[in-house]
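Take the sequence shown: its position 71, counted from the start at 1, is 70 in numbering that gives the first Met the number 0, and no numbers get skipped.
Glycine residues also receive a C-beta, built at the ideal position from the N, C-alpha and C atoms.
All values derive from a computational prediction rather than experimental measurement.
Okay, structure first, notes after.
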Amino acid sequence: MAGKTKRGKAGKATTKKSLQKPKGLKKQYLKTKPLCRVTFRLPREAAPDARSVVIVGDFNNWDRKATPLKHLKNGDWTVTINLERGRQYQYRYLIDDHIWENDWFADQYVPSPFGSDNSVVSV
Numbered sequence: 000m001a002g003k004t005k006r007g008k009a010g011k012a013t014t015k016k017s018l019q020k021p022k023g024l025k026k027q028y029l030k031t032k033p034l035c036r037v038t039f040r041l042p043r044e045a046a047p048d049a050r051s052v053v054i055v056g057d058f059n060n061w062d063r064k065a066t067p068l069k070h071l072k073n074g075d076w077t078v079t080i081n082l083e084r085g086r087q088y089q090y091r092y093l094i095d096d097h098i099w100e101n102d103w104f105a106d107q108y109v110p111s112p113f114g115s116d117n118s119v120v121s122v
């Protein structure tokens, strides 16, 4: 049936579209090392016409070239980084080397010294 909904957690209605793979941060804690493998995902809606996206933050000394994201067929951008457990990391996305964007799915946001907020991931 078209438009049929299912009842998800807490009785909320869900549609097929809302059951798609979630976007945002995915954390996988490694059993053999004190690391967390974090997959960052910037949705296509955040950078619809982007030619390049880089993630910059504490984990790469805010290096604008160190950690480029891969452009997926669906238009999203993604990268996976191993981060040391028990820490918080500040970061932002840099689109086409001049547009700064926060992560819509960050664990929290903190003010930066430049008058904007930084995204934060806690692992």
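From this set, the options, which residue's C-alpha is nearest residue i's C-alpha?
| i | options | result |
| --- | --- | --- |
| E44 | Y28, N59, L29 and K22 | K22 |
| A105 | V122, I98 and D96 | V122 |
| S118 | H97, N73 and W61 | W61 |
| W97 | L29, Y28 and R50 | The question names Trp, but residue 97 is His in the sequence shown. Closest option to H97, Cα to Cα, is R50. |
Give the straight-line distance between the Cα atoms of residue i and residue j, rounded to the nearest whole angstrom.
| i | j | result |
| --- | --- | --- |
| F113 | P33 | 32 Å |
| K5 | L71 | The pLDDT assigned to K5 is 43, lower than 50, so where the model puts this residue is not dependable; a value taken from the coordinates is nonetheless given after this. Near 29 Å, if we compare the C-alpha coordinates of L71 and K5. |
| N101 | G85 | 22 Å |
| E83 | W103 | 22 Å |
| A46 | N73 | 12 Å |
| W99 | Y28 | 28 Å |
So, residue i versus residue j, is the Cβ gap smaller than 9 Å?
| i | j | result |
| --- | --- | --- |
| Y108 | I54 | no |
| N81 | V37 | yes |
| L41 | D75 | yes |
Going by other Cβ atoms of all chains shown within 10 Å of its Cβ, with 16 needed for buried, is residue i buried or exposed?
| i | result |
| --- | --- |
| G56 | buried |
| K111 | Rather than Lys, the amino acid found at residue 111 in this sequence is Ser. Flag for S111 reads exposed. |
| I94 | buried |
| Y88 | buried |
| Y90 | buried |
| I68 | Checking the sequence shown, residue 68 turns out to be Leu, not Ile. It counts as buried. |
| K3 | With a pLDDT of 45 at K3, under the threshold of 50, the modelled position of that residue is not reliable, and the figure given next carries that caveat. So K3 counts as exposed. |
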